[in-house]
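Since the structure comes first, as structure tokens, the remarks are kept for the end.
There are 2 protein chains.
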Amino acid sequence: MRINTVFEALSHPVRRQILTLLKSGPMSAGELAGHFDLTKPTLSVHFNKLRDAELVAVERRGTSLIYHLNMSILEEALSGLLGKKDQTP
Amino acid sequence: MRINTVFEALSHPVRRQILTLLKSGPMSAGELAGHFDLTKPTLSVHFNKLRDAELVAVERRGTSLIYHLNMSILEEALSGLLGKKDQTP
DNA sequence: CTCATAATTAGATAATCATCTAATTAGAGT
DNA sequence: ACTCTAATTAGATGATTATCTAATTATGAG
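Dropping the structure here:
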């Protein structure tokens, strides 16, 4: 787990909102995009950063890509900061 | 508490490291700066961001500025993300 | 009041980030 | 094979960020 990548990903409000939306369950890229006033390509970039951080996982269902929340990485990163370690570069 | 400011502040490795250092107790700006390979003005900017986020508080002792960790804001922000709310703009 | 020390603010610059439009890939149905 | 839909990647641009050097403020000591 690249802790820096995780916190980078968490630093943008849109990306945190995406995580919040995914708490209610998996959602397609398009459905997620519908919640924002941004273009799909822009959202796609945000999805990528969340995926790089492993905060979400993606699965294909037909022509759609379904995003899932990966709660455990979130917990690891945050408790890492509250606890002792934060192996910064 | 501006949640966005808090996560912005947490997004930089140096700033997270500063928080980690402060877990052992309050420390002056100069002492903190000694732990990094960066100039004091650069560190000063980082201190400001942490202070804006209220993640640290500052107190003057003679010519020195002593920084204190504000653990509660950290806990609030992180548990806010794990829990329900994250009122993103 | 002047000097030395601690730390900041100011200004400049290079790098990174968020966003858009246009073009491309991938899958499903006809 | 062609077309439609979903979503991505590519390329460009404007805004923000991290960093440095130089100058400034604030405090305490002589």
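Line by line, the protein sequences are chains R and W. With the working numbering, the residue at position 15 of the first sequence is 898, and numbering never jumps. With the working numbering, the residue at position 86 of the second sequence is 969, and numbering never jumps. Beta carbons: idealized from backbone N, C-alpha and C, even for Gly. Treat the numbers as computed from the prediction; the structure is a model and nothing was measured.
Excluding sequence positions up to five away, which residues of its chain have a Cβ less than 6 Å from the Cβ of R/ALA936? THR888, VAL889 and ALA892
Are R/SER894 and W/SER894 touching if we call contact CB-CB under 7 Å? yes
According to DSSP, what are the bridge partners of W/GLU937? Beta-bridge pairing links W/GLU937 to no other residue.
Using DSSP's beta-bridge definition, name the partner residues of W/LEU952. W/LEU952 pairs with W/VAL939.
Please report whether the beta-carbon of W/LEU921 lies at a distance below 7 Å from any beta-carbon of chain R. no
With 16 other CB atoms within 10 Å as the buried threshold, where does R/VAL939 fall? buried
Can you tell me where the alpha helix (DSSP H) holding W/THR946 begins and where it ends? Segment: none, W/THR946 is in no alpha helix (DSSP H) and carries neither H nor E.
Check whether the stretch 941-959 of chain W touches the stretch 900-910 of chain W, taking contact to mean three or more Cβ pairs, one atom from each stretch, closer than 8 Å. Yes, they touch.
What does the Cβ neighbour count give for R/ARG885, buried or exposed, with the cut at 16 atoms within 10 Å? Result: exposed.
Within 10 Å of its beta-carbon, does R/ARG944 have 16 or more other beta-carbons around it, so buried, or fewer, so exposed? By the neighbour-count definition (other C-beta atoms within 10 Å, threshold 16), R/ARG944 is an exposed residue.
Counterpart residues of W/MET884 in DSSP-defined beta bridges: Looking at the DSSP assignment, W/MET884 forms no beta bridge with any residue, so it has no partner.
Exposed unless 16 or more other CB atoms sit within 10 angstroms - verdict on R/LEU965: exposed
One question on the structure: do W/LEU902 and W/ALA916 come within less than 7 Å of each other, judged by their Cβ atoms? Cβ atoms of W/LEU902 and W/ALA916: not closer than 7 Å.
Give a yes or no on whether the C-beta atoms belonging to R/LEU961 and W/LEU933 are separated by under 7 Å. no
Would you grab the beta carbon distance between R/HIS929 and R/ARG898 for me? Rounded to a whole angstrom, and I think it's under 8 Å. 5 Å
Nearest-angstrom Cα distance between R/GLY913 and R/PRO896? 18 Å
Whole-angstrom Cβ separation of W/LEU904 and W/HIS918, contact assumed at under 8 Å? Rounded, the Cβ-Cβ distance is 6 Å, consistent with contact.
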